[in-house]
Each structure stands twice: as structure tokens, then as C-alpha cells.
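Position one of the sequence shown corresponds to residue -8 (the working numbering), numbered consecutively onward.
Just so you know, even glycine gets a beta-carbon here, dropped at the ideal spot from N, CA and C.
Here's the structure we're looking at; comments come further down.
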Amino acid sequence: MSEIDKPFFAANWKMHLGPAETSEFVRRFRELHPPRERGRVVFFPPTLSVAAFRTAAEGRPDLEVGVQDVHQDAAGAHTGSVSAVMAAQAGAVWALAGHSERRREFGDGDGLVTAKVSRLLEAGVRPILCVGETLEERENGRLDEVLARQIGAVLDAVDAAELVYAYEPVWAIGTGRTASPDDAANAHGIVRREIEAHGGFAAAPILYGGSVKPANIEELLAAPGVDGVLVGGASLEPDSFAAICAAG
Ligand code: PEP
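Dropping the structure here:
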């Protein structure tokens, strides 16, 4: 990880854009977004769309791809799941881990997230560890404690320098509410402190996620400690995501 990774733009498509829609998206995005000398652009389509993404992005190594989740085991009787090794074989270079929707809907707690991050690293896939507090936790003054717990659980087990981090306040995801640049800067400072407390690489990118859109990208990227963004809803349209990636 180095300065070349910044600004870092990541698109989380969640359960949107199947293979045909993915091909069409990439065709249009390539026109809108020429390769840049620095920074990264990484897409997280549904797993079934990874192959279509790679075909459509041929000749554009700057458009990288990852998966949104993997199983915590290397292989086994886990109907419906894919492993980190399979993700790597399918060409995924990156993976999300600990996204708040996984934590809430699928019970991905700190232990499970740690196991998934470990499997990903073993498979040579680079995890983006997502952390963030709920509104209730924030209002109860628990921001610091929650981030320290979520990050500490993983970094007690793996090398902090291997990861990219995403601070995503749960109350800002898909809600239209965005953290203010000051809130983001404060939380990123806590994430940075935890990375360093675990001997992590000082330049590891920390992304902000939560209702990022073309209208707020400039102010968020200008916030101290914000190295990039993880974008959900506003990454589903090529024009909108290209406008975001043009910033910074
Ligand atoms: C996300 O899913 O990581 C996210 C930040 O979503 P949205 O941009 O829609 O809030």
C-alpha cells in the first residue's frame, strides 16, 4: 500500500447489477473514466457478475474487481457460499469484510469477520475491513469503543499493514445522511490510532462510506485522514460514479 493508492474509490453494488447489466455499466464507465496515474478504482459487483466485469474491463487494468463476501472456511458443505480461494480463482483481487449489512443481516460478528479476513489473506485477496457505529452507539458516546473493538478483534489476528480500512457509520449507509467532514475526520483519527496501536503501516488507506455522492465527494475527500470513499447507491449509475471518481 502506498501513496499511489490514494485517492481510493470503491463501488459496492450489493445485490444489484447482474452480468448483462454489469457489462453495460463497464462499457459506459470506460468511456467516462480514462485511466489515471494515481489512485485506485475498485468495484464490488455481486459474485455472479465478476466474470462479466472482467471480460468487459479487458485492457483496463486500472478497473479492479473484488467480491462482497466470502465464507470463513476454505472449503466444505456450505450451500450457497463461495470461498476466498474461489474468489481469487475467479479474478477477485479485493474483498469487503465486515460490511454493516453482513454484520446486521447475516450475523457477521467480530470473530467471523476475523476468520474471513484471515482466509482472504491466505488466498492472496486484499480485504477492505469495514467498521462503524450504529446511531444508538454514537448517541451513547460509544464511537471510540466500537471502532476499537471492531478493529482490534481483526488486528489481534492479522498484520494491520495488509488491510485497507473503511469507516462506515451505520446511520449514514443508504439513508441519505452523510457524516460531516468533521465527524469523518474524527472517526478516521480513531481508526488510524487503532491501526498504529497494532503496529500497522501508517499509510494504510482509510475510506469513508455512507451516502457519498457527486455533490459531497469534494468536501469528504478534503477532510483530514480521508483517503478515499466506499460508495453504495451512487455507484450504480456509471455517470454518477464517474463523477465521484473524477474528484480528488
Ligand atoms: C455501502 O454500502 O458501503 C454504502 C456506503 O452505501 P451508500 O453509499 O448507499 O450509503
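- The bridge partners DSSP lists for Ile119 are Leu87 and Val155.
- Taking a contact as a CB-CB distance under 8 Å, the pair Leu120 and Gly89 counts as one, their CB atoms being some 6 Å apart.
- By the neighbour-count definition (other C-beta atoms within 10 Å, threshold 16), Asn131 is an exposed residue.
- For Gly67, the distance from the CB to the nearest heavy atom of the ligand PEP is not below 6 Å.
- With respect to Ala79, Val116 sits close: the two C-beta atoms are nearer than 7 Å.
- Bridge pairing for Ile235: absent [DSSP].
- Taking a C-beta distance under 7 Å as the contact criterion, Pro229 and Arg19 qualify as a contact pair.
- Per DSSP, the beta-bridge partners of Ala1 are Val33 and Leu221.
- If you look at Leu126, you'll find it isn't in any beta strand (DSSP E); it sits in the alpha helix (DSSP H) that goes Leu126 to Glu130.
- At least one heavy atom of the ligand PEP lies less than 6 Å from the C-beta of Asn3.
- Judged by pairs of C-beta atoms under 8 Å, the segment 173 to 180 touches the segment 146 to 163, as three or more such pairs exist.
- With a cut-off of 6 Å, the C-beta of Gly57 is classified as distant from the ligand PEP, since no heavy atom of the ligand falls inside that distance.
- By the Cβ rule, the segment 124 to 140 does not count as touching the segment 198 to 208, because fewer than three pairs are nearer than 8 Å.
- In this structure, Leu212 places its C-beta atom within 7 Å of the C-beta atom of Pro(-2).
- Taking a C-beta distance under 7 Å as the contact criterion, Ser91 and Gly50 do not qualify as a contact pair.
- Looking at the backbone, the Cα of Glu210 and that of Val222 are separated by about 15 Å.
- Val104 has its CB no nearer than 6 Å to any heavy atom of the ligand PEP.
- According to the DSSP assignment, Val56 belongs to the beta strand (DSSP E) that extends over Leu54 to Val58.
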